[in-house]
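Novice: Okay, here's the structure, questions in a sec.
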Amino acid sequence: MRGLHPSLRRLLAITVLLALALFAAALVKGVLRAGSQAIEGLRDARFELQQVQRRIRSSGEVSDSVIDREWAELSTLLSWQGPPEEGDARLQGSIVQIMRESGLELLQMRSAESERNGPLLSASLDASGSGSEAGLYQMLARIEGARPPLRIDRLVIRSGEAMNAADGEGARVEIEFRVTAFGTAGSGS
């Protein structure tokens, strides 16, 4: 290095110092980033701990009367309490009645397999029928307003021949649909 020109030695020394400074800055930046991530993780853990403590305090305040009241509210949304077969029978009865009141002809109906999600059961059935467009609208309105609620999972509408325009009922349609109702296996209380 002594054989190098003094300005070249100075440039080489500055380059080495600059490289060391960049390395030190990157090292410090990494340490600071790790520290800030650790602090953020600590804040998140502290926040989660506070949430858990709040839940524990509030769960101690839940009385049997609150549970009974909430169960009573929930039970208004359930179609049945008992075995899945009872749910299938009630759902079939509801659909037969809704289609009859809507002026639709029931062509076919079969139960789908019941599903269980914890204490909640769902009963589904596939049905097909035919009738006027007006009857279809009435059926959909009745299903929408049904209490306990019914859910339409699938609906296929095929248009048929046009009916007499004087009837005011529109074209004849054929429908296929799947509808679901909910219940529980036990009494719930």
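Residues in the sequence shown are numbered consecutively from -17, following my numbering.
All C-beta atoms in this analysis are idealised placements derived from N, C-alpha and C, irrespective of residue type, glycine included.
1) Quick check on DSSP: helix, strand or coil for THR162?
2) In this structure, does DSSP put ALA153 in helix, strand or coil?
3) Using a 10 Å radius around the Cβ and a threshold of 16 neighbouring Cβ atoms, would you call THR(-3) buried or exposed?
4) Does DSSP put GLY111 in a helix, a strand or coil?
5) Quick one: what does DSSP say LEU88 is sitting in, helix, strand or coil?
6) Under DSSP, the beta strand (DSSP E) around LEU137 begins and ends at which residues?
7) Kindly indicate which residue of VAL13, LEU73, ARG140 and THR166 has the alpha-carbon position closest to the one of GLY100.
8) Grouping DSSP H, G and I as helix and E and B as strand, with all else coil, what is LEU103?
9) TRP53 bridges to which residues according to DSSP?
10) Confirm, please, whether the CB-CB distance from LEU86 to GLY111 is below 7 Å.
11) When we look at the beta-carbon of SER104 and count the other beta-carbons within 10 Å, is it buried (16 or more) or exposed?
12) In this structure, does DSSP put ARG129 in helix, strand or coil?
13) Since ARG140 and GLU156 should fall inside the 8 Å C-beta cutoff, what is the C-beta to C-beta distance between them, to a whole number of angstroms?
14) Shortest alpha-carbon distance to PRO131 belongs to which of GLU97, SER76, ALA7 and GLY142?
15) Give a yes or no on whether the C-beta atoms belonging to SER96 and PRO66 are separated by under 7 Å.
16) Where does GLU97 sit, in a helix, a strand or coil, going by DSSP?
17) When burial is assigned at 16 or more other CB atoms within 10 Å of the CB, is LEU(-10) buried or exposed?
Specialist: Well, looking at it:
1) In the three-state reduction of the DSSP assignment, THR162 falls in the strand class, which pools E and B.
2) Correct three-state label for ALA153: coil.
3) Taking all protein chains in view, the Cβ of THR(-3) is surrounded by fewer than 16 other Cβ atoms within 10 Å, so the residue is classified as exposed.
4) Secondary structure at GLY111: strand, using DSSP grouped into helix, strand and coil.
5) In this structure, LEU88 counts as strand in the three-state DSSP scheme.
6) First-last of the beta strand (DSSP E) with LEU137: 133 to 141.
7) Comparing Cα-Cα distances from GLY100 to each of VAL13, LEU73, ARG140 and THR166, the minimum goes to THR166.
8) DSSP places LEU103 in strand when its eight states are reduced to three.
9) None; TRP53 has no bridge partner.
10) Between GLY111 and LEU86, the C-beta spacing is below 7 Å.
11) The residue is buried, with at least 16 neighbouring Cβ atoms inside 10 Å.
12) Three-state result, ARG129: coil.
13) Yes, ARG140 and GLU156 are in contact; Cβ-Cβ is about 5 Å, under 8 Å.
14) Of the candidates GLU97, SER76, ALA7 and GLY142, the residue whose Cα lies closest to the Cα of PRO131 is SER76.
15) If you check the CB distance, SER96 and PRO66 come in under 7 Å.
16) Residue state, collapsed to three classes: strand.
17) Exposed, since its Cβ has fewer than 16 Cβ neighbours within 10 Å.
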